[in-house]
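This report refers to the structure that appears directly beneath it.
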């Protein structure tokens, strides 16, 4: 016969409060980690897409259309992992916030108060602390997705404008005449 008790049962109330506080502290650390990771990855994709856009803008006027077309394909394809990593990291962040809210100690309700501020636009602690309605409408996650979509549409427009069927023969002018001169003999 075994009279084993789980470690949580053997703890007295002050020990279990300490363990709960430790879990809450770890949850907050995980949230901080996910926020840092989220913005690091987002910034890397934003930088890459901006550099590709800059390369297109630099070469589009006088450079080969094939280059512009190729870079716009790369930019459009890069939108896919950017969007998926954003969704992945946002899901992990949301999970950690939910976990932290479930572990909130009796002394504080930091995440619950934050959720209420986001949802209602007014802080439950101080009515002077507000989020304007337009800022709640375009919440950060919507703004980030909007930025990704703007890049995707931009690369798609460039891709269509520089598609291979529109590539020009360097010997043909816009009027359709060739640039070569022919000598007509009398």
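Residue numbers (the working numbering): 23 to 208. Cβ atoms here follow ideal geometry from the backbone N, Cα and C, with glycine treated the same way.
Using a Cβ-Cβ distance cut-off of 8 Å, the region 47-56 and the region 119-136 are in contact, since at least three pairs of beta carbons, one from each stretch, lie closer than that value. Where residue 143 is concerned, there is no enclosing alpha helix (DSSP H), because DSSP gives it neither an H nor an E. Out of 108, 149, 144, the CA that lies nearest to the CA of residue 168 is found in 108. C-alpha of residue 93 to C-alpha of residue 173: approximately 13 Å in a straight line. Residue range 87-124 is occupied by the alpha helix (DSSP H) that includes residue 114. With a contact defined as Cβ atoms closer than 8 Å, residue 81 and residue 91 miss out at about 11 Å.
Contact between the region 66-76 and the region 144-160 is not established, with fewer than three Cβ pairs separated by less than 8 Å. Our two residues, residue 164 and residue 100, have alpha carbons roughly 19 Å apart in a direct line. For residue 178, the enclosing alpha helix (DSSP H) covers residues 162-183.
The beta carbon of residue 135 sits closer than 8 Å to the beta carbons of 145, 146, 147 from its chain, once the five residues preceding and following it are set aside; these are given in chain order.
Between the C-alpha atoms of residue 178 and residue 152 there is a straight-line separation of about 38 Å.
Between residue 158 and residue 106, the alpha-carbon positions lie close to 23 Å from each other. A Cβ-Cβ contact shorter than 8 Å links residue 115 with residue 57. Measuring C-alpha to C-alpha distances from residue 182 to each of 87, 83, 42 identifies 87 as the nearest.
In this structure, the CA atom of residue 83 is about 15 Å from the CA atom of residue 185.
In this structure, residue 180 and residue 78 form a Cβ contact; the two beta carbons are roughly 6 Å apart against a cut-off of 8 Å. Contact annotation: residue 166 and residue 64 have beta-carbon atoms nearer than 8 Å.
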